[in-house]
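Just so we're aligned, residue 9 is where the sequence shown starts under this note's numbering, counting upward by one. A quick write-up on the structure given underneath.
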Amino acid sequence: MALADAYVQVYGQLPEFFKKISDGEAPPHFTTQHLKDLGFTSTNHRAIVPLLKALGFLDGAGVPTQRYHDYRNHSQSRAIMGHALKEAYSDLFVLKASPTQADKALIEGKFKSAHNTSPHVAKLLSNTFFALLALADIPSNESKKTATVESVPPPDSTENHDSTKVAHDVHRQGTHRPSLHYNIQIHLPATKDIEVFNAIFKSLKEHLLE
């Protein structure tokens, strides 16, 4: 579980800032000078750097990560931010799967208790989170259970042969007239006279077998 403790006082400018980094190239190192080059010259803007690290956009040395580069793809930037928030603020999503402004008091209370902060800092942490949330598409828990399509091997030759044989038999039965079978039972008399038996079997041969 995780709950980032990085915040900015200029949270209202976060949409503009993230648009700037998505439109420009990633620097070798993200420094306060790069912030100034982007037009964020106030000392209050410096807190953006540790926020980027908390979100996984920068490593500990300030080098842009793959997440930073992926965010620059406009078609997936909201999804990338969503995954970043799920990692950095996972404790909040345990409380509310889809936080809204109506949950602000709950979110502030979580920041205050988790980081033992003042109400003012808890409010800044909450405002920073909600400013980022507006830039994100949060993945649901169901999306993690990716519906992987398992490759089903083709049936072996034996199965193919059997299925073909069944289909052929069904077709053959459907296109030919059924054959009739007779079951004849003979009850022999209780006698020891061999001539009686000879006469019976001779009659069977003449009338049935021939």
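Just so you know, even glycine gets a beta-carbon here, dropped at the ideal spot from N, CA and C.
How would you label residue i, buried or exposed, when you count the other beta carbons within 10 angstroms and need 16 or more for buried?
i    : result
S165 : The predicted position of S165 is uncertain, since its pLDDT is 46 and thus under 50; a value taken from the coordinates is nonetheless stated next. Flag for S165 reads exposed.
T183 : Caution applies to T183, whose pLDDT of 49 falls short of 50 and renders its modelled position unreliable; the model cannot decide the point.
P72  : buried
S83  : exposed
I88  : buried
I208 : exposed
A139 : buried
For residue i, which beta-bridge partners are listed by DSSP?
i   : result
K72 : The residue asked about is misnamed: residue 72 is Pro in this sequence, not Lys. Bridge partners of P72: L66.
Hey, quick one: how far does the alpha helix (DSSP H) through residue i stretch, first residue to last?
i   : result
E24 : L22 to D31
L43 : T40 to D45
Q) How about the segment 17-24 and the segment 136-143: do they share at least three Cβ pairs that are nearer than 8 angstroms? A) yes
Q | Touch test, the segment 72-79 against the segment 115-134, Cβ-Cβ under 8 angstroms, three pairs minimum | A | no
Q: Identify every run of the alpha helix (DSSP H) within the segment 48-127, keeping only runs that are complete inside it and at least 4 residues long; order them along the chain.
A: 56-62, 74-79, 85-96, 98-103 and 112-123
Q: Report yes or no: do the segment 100-107 and the segment 57-68 share at least 3 C-beta pairs separated by less than 8 angstroms?
A: no
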